[in-house]
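Per the numbering used here, the sequence shown starts with residue 2, numbered consecutively.
Every residue gets a Cβ at the ideal spot worked out from N, C-alpha and C, and that includes glycine.
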Amino acid sequence: MSSVIRFLALAVLVACCLSITALAQTSTVIPDTEAVQHVTVEGVVVKVFTSKKGNTFLNFGA
2 MSSVIRFLAL
12 AVLVACCLSI
22 TALAQTSTVI
32 PDTEAVQHVT
42 VEGVVVKVFT
52 SKKGNTFLNF
62 GA
């Protein structure tokens with residue numbers, strides 16, 4: 002009987018731990034149309050490269 006109670010207590014403890022970590026892993030998805038309102042990039046641009054397809058890449062750093 003004692004081992005059954007220990008098993009149930011352990012099962013409840015594991016279930017509680019898993020539910021807490023599941024809540025901590027929720028994420029917010031921001032659509033690309035709203036990204037400008039949430040993202041800020043600061044730094045020194047050391048190099049600018051534009052590919053043949055027209056994509057522009059910025060290298061930040063010292």
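On the DSSP letters alone, give me the boundaries of the beta strand (DSSP E) that Val49 sits inside.
46-51
Within this structure, are the beta carbons of Asn60 and Lys48 separated by less than 7 angstroms?
yes
Between which two residues does the beta strand (DSSP E) harbouring Thr57 extend?
57-61
In this structure, how does DSSP classify Glu43 when only helix, strand and coil are distinguished?
coil
Can you grab the Cα-Cα spacing for the pair Ser4 / Ala16, in whole Å?
18 angstroms
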